[in-house]
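Single-structure report; data block below.
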């Protein structure tokens with residue numbers, strides 16, 4: 001829920017925005033957003049580690065910053081938090097300009113990967129710390145601490161010390177401390193990175209539950225694609241200091257706008273080729289001498305088709321397509337791994353690159369070295385420009 005803002009404050013903020021010659025529509029977007037970044041840049045010397053990014057995060061939204069190491073996602077989070085000063089651009093939180101405000105005046109909670117708990121304080125005393133800094137009375141503190149502990153399901157742990165807790169329990173305490181004073185925004189920087197897979201998956205569910213309960217705006221940084229898909233309302237994919245695409249998990253997975261996004265978010269098989277022609281919205285590409293069809297049209301001379309592995313099926317050589325809506329490409333099976341719910345096969349494509357196929361657990365066993373036909377529906381492919389950008393780290 002968006003916090004109340006006085007009319008005089010809104011008027012002052014709008015006057016400042018109008019002085020920057022922004023139009024009414026842009027000002028309205030900034031004022032209505034939970035967090036707004038407009039042309040935000042961070043340079044160290046001449047090097048831009050965050051390069052003129054624009055992003056609107058809605059009030060109460062769970063937004064994840066996803067990208068490889070050095071892509072700019074953590075620097076952007078730290079600029080929102082106030083730990084790093086933006087070189088250029090506008091940064092607003094609930095319509096309020098915060099670029100010049102110190103971190104402790106931004107009404108933001110922060111959760112780090114290393115928990116950052118005081119070892120000499122009990123769990124309750126750790127959670128009380130931000131309340132003491134805000135000079136909240138002891139009686140009210142007690143009620144707020146109890147509520148925060150209940151929220152993270154650790155009501156009986158208030159008298160324990162961090163050393164007596166597991167990593168997952170310490171992270172829950174850190175979450176309770178960040179949320180105890182009910183900040184409008186909660187920022188999380190790789191908070192589950194140090195935990196094992198099973199505990200991480202359980203805590204992802206807990207974070208999602210807590211987000212629904214508190215209704216604050218959550219911004220979460222991770223390089224883990226599965227974590228991003230599981231948690232987020234929307235994801236901003238970072239690459240080389242820029243945001244490549246913003247969208248829901250389904251949008252980014254099914255309809256990536258760049259080859260980098262398609263490759264980074266989930267497994268994929270990528271076919272590189274050149275345009276032959278387009279008829280009725282369906283393009284034909286030459287893929288190593290094979291005519292492969294895909295929806296859409298691009299003018300670039302270097303193109304690729306991206307297909308998700310669950311949309312591909314392997315057939316024995318000589319099998320008829322059975323449908324005119326299918327593409328067929330000869331491949332060689334390199335490896336096959338049984339995952340319980342499915343088989344994951346790696347195949348060598350005609351150009352020597354490697355593709356991935358995921359088939360039902362009941363599919364025939366694929367022996368390495370077997371020649372096969374890889375088939376997929378025309379509509380399952382995504383036509384993209386092949387820029388050769390693999391997401392080079394900035395660090």
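In UniProt numbering, the protein residues as written are 1 to 395. All residues carry an ideal CB built from backbone N, CA and C; glycine is no exception.
Self-check item: Pick from 120, 114, 183, 198 that is closest to residue 144, judged by C-alpha positions
Solution: 183
Quiz item: Whole alpha helix (DSSP H) runs in the segment 297–357 with 4 or more residues, listed along the chain?
Solution: none
Quiz prompt | Sufficient close CB pairs (3 or more, under 8 Å) joining the segment 291–301 to the segment 338–349 | solution = no
Quiz prompt | DSSP-derived helix/strand/coil call for residue 56 | solution = strand
Exercise. In angstroms with no decimal places, state the Cα-to-Cα distance between residue 193 and residue 317.
Key: 44 Å
Quiz prompt | Residues bridged to residue 375 (per DSSP) | solution = 313, 328
Practice problem: Measure how close the beta-carbons of residue 271 and residue 314 come, nearest whole angstrom, since I'm counting them as under 8 Å. | Solution: About 15 Å separates the two Cβ atoms, so there is no contact after all.
Quiz item: Using DSSP with H/G/I as helix, E/B as strand and the rest coil, what is residue 92?
Solution: strand
Quiz item: Which residue's Cα is closest to the Cα of residue 307: 283, 30, 380?
Solution: 380
Quiz item: Is residue 211 buried or exposed, if buried means 16 or more other CB atoms sit within 10 Å of its CB?
Solution: buried
Exercise. Keeping to the same chain, check which residues put their C-beta closer than 6 Å to that of residue 43; ignore five residues upstream and five downstream.
Key: 87
Quiz item: From residue 295 to residue 25, what distance separates their C-alpha atoms?
Solution: 34 Å
Exercise. Could you spell out where the beta strand (DSSP E) holding residue 244 opens and where it closes?
Key: 242–247
Exercise. Report the rounded CA-to-CA distance for residue 4 versus residue 215, giving the unit in angstroms.
Key: Since pLDDT at residue 4 reaches only 49, below the 50 mark, its modelled position is unreliable, and the value read off the structure follows with that caveat. For residue 4 and residue 215, the distance between alpha carbons rounds to 15 Å.
Quiz item: DSSP beta-bridge partners for residue 293?
Solution: 284
Quiz item: How big is the Cα-Cα spacing for residue 127 and residue 257?
Solution: 43 Å
Practice problem: From the DSSP output, in three-state form, read off residue 29 for me. | Solution: helix
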